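Structure record follows, encoded as structure tokens.
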Amino acid sequence: MKEKTDISEILERKAERRRSLARLPYEEKVEIVRRLQELSREIKESRDENEGLRRMRKTAEGR
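Using the working numbering, the letters of the sequence shown map in sequence onto residues 491 to 553.
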């Protein structure tokens, strides 16, 4: 039987991270959001490119 993991330390670290983010100036929070949006855009573009390549390979292989 699997032992239950004590997650109290993890939860405390998450709470501390939320508190530290809450203390940031508004401008820094906006910059974080902008960076996350850019990363999201890059991931989506990469995923779209990979999907296009997969379709081309399937077509070339006659699938």
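For glycine and all other residues, C-beta sits at the position ideal for the given N, C-alpha and C.
Keep in mind that this is a model prediction, so the values were computed, not measured.
For Gly542, the uninterrupted alpha helix (DSSP H) run begins and ends at Tyr516 to Glu551, by DSSP.
Between the alpha carbons of Glu551 and Arg544 lies a distance of about 11 Å. When DSSP states are grouped into helix, strand and coil, Arg513 belongs to the coil group.
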